[in-house]
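As you go down the protein sequences, you meet chains C and A in turn. Residue numbering for the first sequence follows our numbering, beginning at 7 and increasing consecutively. Residue numbering for the second sequence follows our numbering, beginning at 23 and increasing consecutively. A virtual CB, placed ideally from N, CA and C, is assigned to each residue, including glycine. Take a look at the structure below.
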Amino acid sequence: MNDEQRRKERLDRGLKVRADSLYALMSWRELGYLTLPRFVLIAGILVMPFLMPSMYWQRVISVACIYAILAMSFDLLAHYVGLVSLGGAFFIGTGGYIAAVLNTSLGIPPLVCIPIAAIAGGVICTILLLPCLPLRGVYFAIVTLMYPLALGRVIEALDILGGTDGILGVESFPNRWVEQYFVIAMVLLFLFGLRRLVNVDLGLVLRAVKDNDQAVKASGMSIAFFKALAVFIASGMGCLAGACIVHIYMWSGISLFALDFSILPIAATVIGGGGTLVGPVLGCFILVPISELLREFGTLRIVAYSVILMAFVVFRSEGIMNYGQRKYHQFERWVKV
Amino acid sequence: MSRETILRVEDVSKTFGGILALNRLSFDVGRGEVLGIIGPNGSGKTTVVNCITGFVKMSSGKVFFKGKDISGKPPHKIADMGVTRTFQVMRPYYSLPAYKNLVIPLFSPRARRTGGWRGGGKLGDRNTVGIDILEEIGFERDSFVPYKMASTLPTGYLKRLELARCLALQPEVILCDEVFSGLSMSEIASMVPLIERIQMDGITVVMIEHRLRELFRVANRIVVLNFGEKLMEGVPEEVMSDERVREAYFGSEEVEEVMTYA
């Protein structure tokens, strides 16, 4: 006879007391419990280039890192500010072309070019997106998707900035280790920087804009300013990623405005877990290598992509990190009812 | 009426399409008083608050705050000057704990300039000040309620949180849009002293209410609206005994109850 009812009980672990941001550390063990995941992540990313079998795969890691920066910027805008942006390609293209022009016509070295392109590109993208900031949800998404499509065609039609040939002869990084560790350092910098940002007072205001913009207005703050600030941070990150790509491929062309840069970060965020910032990074490190492995199947890899994405949306819509964090921070046990 | 006028509403009209929501409405609010605005459903009470605080652009007319024309300014500028509001449908930041909800107003330019609630923002970190405000407004500190996610709080606490958000700015005028609605009798009973304490702090309160009995206890003066026009204004006793007000509210049990009770 097994008719007794059971249900699953979830308990927070002891050290997650009172608030999400407040921890009571009582021992080395608890300290390790908190720092271990962070340590594994940092160490994992840092040793990854050494574990790769060939230069080809090291390049894949670099590309994954670039997508990771882009995906984090998407996650910041979508899950912390409430702006769903499909403008990844817009940011990449703007940053890429700025870096390429600075490098080829002014001879500025790559490691100086990249930060300049990030800031200048961030300013340009923010100014261009300024009229769309009052839009929300799918409307903002549509407008941000129009920009890369339009800019690519403008370059093609007016035959400026190298036209369809693109800008050739962009200087590469000094060597492949600099390239590799520069992008890795950027991923870690932005990952921990953004995690910090969303928990300080300024970040709380950004999250408040997502939750309830009317109440932010009633608190005497201009939501347009905070949205513009968030867009500046996100587009600056995207432009930095674009500048890195240009220096890695030593070429800048219209394909920088390709929709891959808008779509893949979203797929990575869905798989990795939105709103965690680390989730999108993880998602990129899963999706980009898979995409490389499937390269020999040609366009069929898009099918594989779609299947993975659909499976996640249907069966684990919260994403890997949200699921993992819950399992890590909570006990589960069966109790009799 | 010897009070200095802090807020003056002058000939304000508002049309939504062809509907006249407010028709040349004028009234004054004296510094430090509690003004009640009452009226049947659809009489334009919330529209008045929206027009004063800039959330809705008025069709014509002017609003003066301390003699300065604030009509047509964006809501955040008006809030920055010290005219804040609560929302009838509560608008907390659901994904944040209650005390973090108050970090946002404490971070605003006004709060950083003036120090926010009782100047506390200049002393310590905003989290502590947020918890202090919540304690003052009836969140029991020891019960961990201030640390709970806003999405898990019941209506009574959310209404208080709305008020707390206004108080955090150290405003000069608070416009309360139905803070009593949806609360139980005992919850309202504990809110009334809160309003009185806010008034004692020197803050002017404009209250839109349907709960007339409780409103008449705290309000110094009442403005009655009907179909977007001012029906009458006066002290609660005058309003209660006025024939036109009875007529406007005809059929409303609440008023019948209050009127007979009075």
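**OP:** Would you list the residues sitting across from arginine 301 of chain C in a DSSP beta bridge?
**Re:** In the first sequence, counting from the first residue as 1, residue 301 of chain C sits at position 295. Bridge partners of arginine 301 of chain C: none, in fact.
**OP:** With distances taken Cα to Cα, identify the nearest neighbour of glycine 178 of chain A among A:Pro193, A:Asn149, A:Ile210 and A:Cys198.
**Re:** What you label residue 178 of chain A is simply residue 156 of the second sequence in a count that begins at 1. The option with the nearest alpha carbon to glycine 178 of chain A is A:Ile210.
Original post:
With a cut-off of 8 angstroms, do at least 3 Cβ pairs link the region 227–240 of chain A to the region 194–205 of chain A?
Top reply: yes
**OP:** May I ask you to list, following chain order, the residues of the region 224–241 of chain C that have a beta carbon less than 8 angstroms from some beta carbon of chain A?
**Re:** Ala224, Ser225, Gly226, Met227, Ser228 and Ile229
Original post:
Three-state secondary structure (DSSP) at isoleucine 75 of chain C?
Top reply: Here the question's residue 75 of chain C lines up with position 69 in the first sequence. Isoleucine 75 of chain C falls in the helix class under three-state DSSP.
Original post:
How would you list, in chain order, the residues of chain A whose beta-carbon sits under 8 angstroms from the beta-carbon of aspartate 81 of chain C?
Top reply: In the first sequence, residue 81 of chain C corresponds to position 75, counting from 1. Chain A residues near aspartate 81 of chain C: none, gap ~15 angstroms exceeds 8 angstroms.
Original post:
Just how far apart, CA to CA, sit isoleucine 75 of chain C and phenylalanine 109 of chain A?
Top reply: As a working note, residue 75 of chain C is residue 69 in the first sequence. As a working note, residue 109 of chain A is residue 87 in the second sequence. Using only the alpha carbons, I get a separation of about 38 angstroms.
Original post:
Does the region 47–58 of chain C come close enough to the region 207–218 of chain C to have 3 or more Cβ pairs within less than 8 angstroms?
Top reply: no
Original post:
Between which two residues does the alpha helix (DSSP H) harbouring leucine 237 of chain A extend?
Top reply: Taking the first residue of the second sequence as position 1, residue 237 of chain A is located at position 215. Start and end: 234–240.
Subject >> Proximity to glycine 399 of chain C [Cα-Cα], best of A:Lys79, A:Val267, A:Asn45 and A:Lys95 >> reply: With chain C represented from 7 up to 343, any question about residue 399 of chain C goes unanswered, as that position is not in the structure.
Subject >> Presumed contact (8 angstroms Cβ cut-off) between valine 254 of chain C and glycine 325 of chain C, rounded CB distance >> reply: Within the first sequence, residue 254 of chain C is the residue found at index 248, counting from 1. Within the first sequence, residue 325 of chain C is the residue found at index 319, counting from 1. The residue asked about is misnamed: residue 254 of chain C is isoleucine in this sequence, not valine. Contact flag wrong, Cβ pair sits at about 28 angstroms.
**OP:** Could you check what DSSP says for phenylalanine 318 of chain C in three-state terms: helix, strand or coil?
**Re:** To locate residue 318 of chain C, count along the first sequence from 1; it is residue 312. DSSP places phenylalanine 318 of chain C in helix when its eight states are reduced to three.
Original post:
Where in the region 133–192 of chain C do unbroken runs of the alpha helix (DSSP H), each at least 4 residues long, occur, reported from the N-terminal end onward?
Top reply: 143–164
**OP:** Specify whether the region 29–44 of chain A and the region 75–88 of chain A touch according to this definition: at least 3 beta carbon pairs, one from each stretch, less than 8 angstroms apart.
**Re:** yes
Subject >> Nearest-angstrom Cα separation, counted from glutamine 186 of chain C out to methionine 58 of chain C >> reply: Against the first sequence, residue 58 of chain C aligns to sequence position 52. Against the first sequence, residue 186 of chain C aligns to sequence position 180. If you take the alpha carbons of methionine 58 of chain C and glutamine 186 of chain C, they lie about 12 angstroms apart.
Original post:
In whole angstroms, what separates the C-alpha of proline 116 of chain C from that of isoleucine 72 of chain C?
Top reply: Here residue 116 of chain C refers to the residue found at position 110 when the first sequence is read from its first residue. Here residue 72 of chain C refers to the residue found at position 66 when the first sequence is read from its first residue. Each residue's alpha carbon lies about 16 angstroms from the other.
Subject >> 8 angstroms Cβ cut-off: residues of chain C touching leucine 118 of chain A >> reply: As a working note, residue 118 of chain A is residue 96 in the second sequence. Those within 8 angstroms of leucine 118 of chain A in chain C are Leu210, Arg213, Ala214 and Asp217.
Original post:
Would a check of beta-carbon distances place valine 115 of chain A closer than 8 angstroms to chain C?
Top reply: For this step, residue 115 of chain A is matched to residue 93 along the second sequence. Looking at the sequence itself, residue 115 of chain A is tyrosine, so the reference to valine does not match. Yes, because at least one Cβ of chain C sits closer than 8 angstroms to the Cβ of tyrosine 115 of chain A.
**OP:** May I have the straight-line CA-CA distance separating glutamate 36 of chain C from valine 284 of chain C, to the nearest angstrom?
**Re:** The residue you call residue 36 of chain C lines up with position 30 of the first sequence. The residue you call residue 284 of chain C lines up with position 278 of the first sequence. Approximately 21 angstroms, taken between the alpha carbons.
Original post:
aspartate 266 of chain C touches chain A at which residues, Cβ-Cβ below 7 angstroms?
Top reply: As a first step, residue 266 of chain C is located in the first sequence; it is residue number 260 there, counting from the start. Going along chain A, no residue has its Cβ under 7 angstroms from aspartate 266 of chain C, so there is no contact; the nearest lies around 31 angstroms.
Subject >> lysine 216 of chain C, DSSP secondary structure in three states >> reply: Position 210 of the first sequence holds residue 216 of chain C. DSSP places lysine 216 of chain C in helix when its eight states are reduced to three.
Subject >> Within-8 angstroms CB hit, aspartate 18 of chain C to chain A >> reply: Taking the first residue of the first sequence as position 1, residue 18 of chain C is located at position 12. Not one chain A Cβ lies under 8 angstroms of aspartate 18 of chain C.
**OP:** Select from the region 123–153 of chain A all residues with a C-beta closer than 7 angstroms to any C-beta belonging to chain C, and list them in chain order.
**Re:** Val125, Ile126, Pro127, Phe129, Ser130, Pro131, Arg132 and Arg148
**OP:** Note down, in chain order, all residues in the region 74–104 of chain A with a beta-carbon under 9 angstroms from any beta-carbon belonging to chain C.
**Re:** Thr75, Gly76, Phe77, Pro96, Pro97, His98, Lys99, Ile100, Ala101, Asp102, Met103 and Gly104
Original post:
Touch check for the region 214–228 of chain C and the region 113–133 of chain C: three-plus C-beta pairs under 8 angstroms?
Top reply: no
Original post:
In terms of residues, what are the limits of the beta strand (DSSP E) holding glutamine 331 of chain C?
Top reply: As a working note, residue 331 of chain C is residue 325 in the first sequence. Here glutamine 331 of chain C belongs to no beta strand (DSSP E); instead the alpha helix (DSSP H) covers 326–335.
**OP:** Determine whether the Cβ of threonine 106 of chain A lies closer than 8 angstroms to any Cβ atom of chain C.
**Re:** For the purposes of this step, residue 106 of chain A is taken as the residue at position 84 of the second sequence. So, interface residue.
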